[in-house]
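Protein chains in written order, with the numbering used here: chain A, 1 to 271; chain B, 272 to 542. Notes follow once the structure below has been shown.
Number of protein chains: 2
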Amino acid sequence: MQRAELIHQIKTKRSCLCVGLDPDVDKLPKHLLEEEDPIYEFNCAIIDATADHCVGFKPNTAFYEAYGLSGINSLEKTIKYIKANYPDHFLIADAKRGDIGNTSSMYAKAFFNRLNCDAITVAPYMGEDSVKPFLQFDNKWAIVLGLTSNEGSKDVQQLSLNGKPLYLEVMQRVAKWGTTENLMFVVGATKAQMLRDIRSVLPDHFLLVPGVGAQGGSLEEVFENGANKDTGLLINLSRQIIFAGNGEDFAERAAEQALIIKGQMQKYIHG
Amino acid sequence: MQRAELIHQIKTKRSCLCVGLDPDVDKLPKHLLEEEDPIYEFNCAIIDATADHCVGFKPNTAFYEAYGLSGINSLEKTIKYIKANYPDHFLIADAKRGDIGNTSSMYAKAFFNRLNCDAITVAPYMGEDSVKPFLQFDNKWAIVLGLTSNEGSKDVQQLSLNGKPLYLEVMQRVAKWGTTENLMFVVGATKAQMLRDIRSVLPDHFLLVPGVGAQGGSLEEVFENGANKDTGLLINLSRQIIFAGNGEDFAERAAEQALIIKGQMQKYIHG
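In structure tokens, the structure reads:
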């Protein structure tokens with residue numbers, strides 16, 4: 001998907017919500033466990049219920065790999081379902097891959113060519129030749145970890161390089177390897193001041209923002225410190241939406257939550 | 272596998288060779304492509320041919336994910352084959368995973384419980400809570416990226432923190448999260464002086480060393496700068512061994528290469 005198309009979707013819906021598809025089987029509604037593929041059934045219901053309120057979906061590969069071949073099968077079916085029914089939604093494989101060049105290329109082909117995802121999340125620790133293979137595909141995106149929303153972000157990302165935080169140095173370096181048309185960054189919602197610092201050096205890139213809600217980040221702070229003229233944000237919520245209910249009406253509960261979030265976003269996104 | 276057991280294997284065989292199972296289909300012997308599962312057939316032949324000369328096998332998940340469900344199936348079958356036939360070999364899933372805590376836990380369960388691997392490679396950028404879930408399993412190992420063998424290692428890993436290279440700071444921090452019984456580091460063979468620096472601060476940890484051969488690292492330098500009293504090294508070679516030949520005798524060619532490497536190692540490893 002091209003950047004202009006993504007921006008168009010955001011402006012049209014007045015939403016930059018991305019729904020994280022992390023279907024932990026222990027948390028699925030009990031009645032689905034009788035289905036042949038509970039994960040797939042769950043995902044399809046969540047996707048149908050929330051599609052009007054969001055501009056993207058983000059399955060995290062861990063929640064599929066955990067169940068082996070059947071889990072990977074559920075992931076592939078989910079991706080096909082989204083592509084077939086919601087081709088205008090931005091589809092992110094949250095895989096956090098990254099390896100030496102020829103190996104990263106294998107991952108890139110898997111997620112971009114085989115699965116036809118629009119984007120994949122990528123870890124930056126191995127440097128330019130590990131990230132570049134993800135930047136060689138037309139209208140496909142690498143979303144590189146910048147500053148994550150977890151407690152552990154202080155251990156490496158927030159180390160100080162002569163007073164400059166490492167994550168900022170990493171993001172500025174990575175930014176040179178691609179463009180604002182094929183590169184985004186993961187920036188957690190939990191640190192408002194840091195979001196502001198990032199925007200001051202990277203005003204144009206899209207940011208994929210986890211950590212609103214369950215992890216304590218505030219939607220208001222994210223928009224105030226992170227939005228740019230194109231909005232420039234994809235705000236991801238997973239558990240708060242997909243596990244809003246766990247009865248037979250779980251999809252309706254998810255739709256309600258997604259609608260609430262979309263409503264809160266409309267204050268900041270103008271068509 | 273326990274550390275003592277791994278050391279025993281190394282001393283008994285006088286080899287610390289790990290064979291990387293990266294079966295790029297474009298490079299497989301042509302006659303195998305007629306088989307139902309060429310990757311699996313290739314791997315089994317390589318495993319049988321090299322098992323006497325090595326102490327470990329390391330499939331890189333990228334080379335299986337690239338082929339979707341059938342590739343993942345080949346990976347699972349390969350792992351089962353190793354576990355059934357060579358239970359004393361150290362089995363590393365080279366997956367370079369790492370995510371927020373509950374998500375890393377899903378990966379850990381997938382690779383340790385479902386697939387029964389002995390170790391998984393892990394990226395450190397997301398910090399302690401992303402690595403710790405891999406350290407909660409008896410006799411299982413996290414092998415964390417320290418200093419990789421690729422050109423891109425200079426982009427992030429070799430940044431300077433007041434004169435101290437980042438990779439050294441990262442490795443010292445990570446070392447506090449586990450023990451020498453459940454934590455190893457990836458350290459590329461291509462930088463002898465850096466290997467010496469690492470050993471001076473982390474004398475006891477096992478190091479998984481890629482980059483000998485195809486990437487230009489020297490076996491002699493790795494032993495001279497990286498070995499400790501327990502050897503403390505797993506030296507991985509992939510392409511140089513598995514693609515030593517590509518005719519019908521590919522497995523014999525691989526065995527020859529593995530035997531040559533083992534022979535070179537015996538100068539440094541005493542039973």
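Built from N, CA and C at the ideal position, the CB exists for glycine as well. Owing to the predicted nature of the structure, the values given are computational and were not obtained by experimental measurement.
Residues of chain B with a CB under 7 Å from the CB of residue i: which are they?
| i | result |
| --- | --- |
| threonine 78(A) | Per Cβ cutoff of 7 Å: no residues; threonine 78(A) is ~13 Å from chain B at best. |
So, with DSSP's three-state summary, where would you put residue i?
| i | result |
| --- | --- |
| threonine 549(B) | Any property of residue 549(B) remains undetermined from this structure, which presents chain B solely from 272 to 542. |
| alanine 308(A) | Nothing about residue 308(A) can be reported from this structure: the residues present for chain A run from 1 to 271 only. |
| cysteine 18(A) | strand |
| lysine 27(A) | helix |
| asparagine 85(A) | helix |
| isoleucine 540(B) | coil |
| lysine 380(B) | helix |
| leucine 346(B) | helix |
| asparagine 162(A) | coil |
| proline 481(B) | coil |
| aspartate 323(B) | helix |
| valine 393(B) | strand |
| isoleucine 281(B) | helix |
| asparagine 236(A) | strand |
| aspartate 138(A) | coil |
| methionine 455(B) | strand |
| isoleucine 363(B) | strand |
| isoleucine 414(B) | strand |
| glycine 101(A) | helix |
Name the chain B residues that come within less than 9 Å of residue i, Cβ to Cβ?
| i | result |
| --- | --- |
| glutamine 157(A) | Tyr396, Met397 and Gly398 |
| leucine 161(A) | Leu430, Ser431, Leu432, Asn433 and Leu437 |
| tyrosine 178(A) | The displayed chain sequence assigns glycine, not tyrosine, to residue 178(A). Here the premise fails: no neighbours, minimum Cβ distance about 13 Å. |
Indicate whether at least one CB of chain B lies closer than 8 Å to the CB of residue i.
| i | result |
| --- | --- |
| glycine 20(A) | no |
| lysine 191(A) | no |
| tyrosine 86(A) | no |
| threonine 148(A) | yes |
| glycine 101(A) | yes |
Quick one: which chain A residues come within Cβ less than 8 Å of residue i?
| i | result |
| --- | --- |
| tyrosine 352(B) | Going along chain A, no residue has its Cβ under 8 Å from tyrosine 352(B), so there is no contact; the nearest lies around 16 Å. |
| glutamate 336(B) | Met106, Tyr107 and Ala110 |
| arginine 285(B) | Simply none; closest approach about 29 Å. |
Thinking C-alpha only, which one of the options is nearest residue i?
| i | options | result |
| --- | --- | --- |
| glutamate 220(A) | Lys267(A), Asp26(A) and Gly188(A) | Lys267(A) |
| valine 209(A) | Asp52(A), Asp94(A) and Gly101(A) | Asp94(A) |
| leucine 168(A) | Asp88(A), Ser200(A), Ala142(A) and Val55(A) | Ser200(A) |
| tyrosine 335(B) | Asp48(A), Lys96(A), Lys132(A) and Tyr107(A) | Tyr107(A) |
| isoleucine 241(A) | Lys27(A), Thr179(A) and Gln2(A) | Lys27(A) |
| serine 375(B) | Phe90(A), Gly101(A) and Asn150(A) | Asn150(A) |
| aspartate 22(A) | Phe42(A), Gly213(A), Pro59(A) and Leu115(A) | Pro59(A) |
| glycine 247(A) | Leu32(A), Ser74(A) and Phe134(A) | Leu32(A) |
| glutamate 386(B) | Thr332(B), Pro300(B) and Ala463(B) | A small fix is needed here, since residue 386(B) is leucine in this sequence, not glutamate. Comparing Cα-Cα distances from leucine 386(B) to each of Thr332(B), Pro300(B) and Ala463(B), the minimum goes to Thr332(B). |
| glutamine 429(B) | Ser153(A), Phe137(A), Phe134(A) and Glu128(A) | Glu128(A) |
| tyrosine 548(B) | Ala337(B), Gln273(B), Arg524(B) and Ile350(B) | Because chain B in this structure spans residues 272 to 542, residue 548(B) falls outside the shown range and cannot be described. |
| lysine 411(B) | Ser424(B), Ala381(B), Pro474(B) and Lys301(B) | Ala381(B) |
| glutamate 256(A) | Cys44(A), Ala49(A), Glu34(A) and Phe42(A) | Ala49(A) |
| isoleucine 371(B) | Lys154(A), Ser74(A) and Pro165(A) | Lys154(A) |
| phenylalanine 361(B) | Ala390(B), Leu346(B) and Ser345(B) | Ala390(B) |
| glutamate 224(A) | Phe137(A), Gly163(A) and Met194(A) | Met194(A) |
| lysine 500(B) | Leu478(B), Glu523(B), Gln443(B) and Leu530(B) | Leu478(B) |
For chain A, find out if any of its Cβ atoms is closer than 8 Å to the Cβ of residue i; answer yes or no.
| i | result |
| --- | --- |
| leucine 303(B) | no |
| aspartate 389(B) | no |
| alanine 547(B) | Nothing can be reported for residue 547(B): it is not among the residues displayed for chain B, which extend from 272 to 542. |
| glutamate 440(B) | yes |
List, in chain order, every chain A residue whose beta-carbon is nearer than 7 Å to that of residue i.
| i | result |
| --- | --- |
| asparagine 344(B) | Leu69 |
| glycine 423(B) | Met126, Gly127, Glu128, Asp129 and Ser130 |
| arginine 444(B) | Asp155 |
| arginine 385(B) | Gly68 |
Cβ closer than 8 Å: which chain B residues qualify as neighbours of residue i?
| i | result |
| --- | --- |
| leucine 145(A) | Tyr396 and Met397 |
| glycine 98(A) | Lys367 and Ala394 |
Can you determine whether any heavy atom of the ligand SAM sits closer than 7 Å to the C-beta of residue i, and answer yes or no?
| i | result |
| --- | --- |
| serine 489(B) | This structure does not include the ligand SAM; it has no bound ligands of any sort. |
Would you verify that the beta carbon of residue i is, or is not, closer than 8 Å to some beta carbon of chain D?
| i | result |
| --- | --- |
| asparagine 116(A) | Judged by its chain identifiers, the structure shown contains no chain D, and its protein chains are A and B. |
*Evaluate the contact criterion for the stretch 226 to 237 of chain A versus the stretch 11 to 28 of chain A: three or more CB pairs, one atom per stretch, below 8 Å.*
yes
*If we count Cβ pairs, one from each stretch, closer than 8 Å, do we get three or more for the stretch 412 to 429 of chain B versus the stretch 460 to 469 of chain B?*
yes
*How about the stretch 347 to 367 of chain B and the stretch 46 to 58 of chain A: do they share at least three Cβ pairs that are nearer than 8 Å?*
no
*asked:* Under 8 Å, with one C-beta from each stretch per pair, do the stretch 278 to 285 of chain B and the stretch 64 to 79 of chain A reach the 3-pair mark?
replied: no
*Pair every Cβ in the stretch 439 to 449 of chain B with every Cβ in the stretch 173 to 189 of chain A, then say whether three or more of these pairs are closer than 8 Å.*
no
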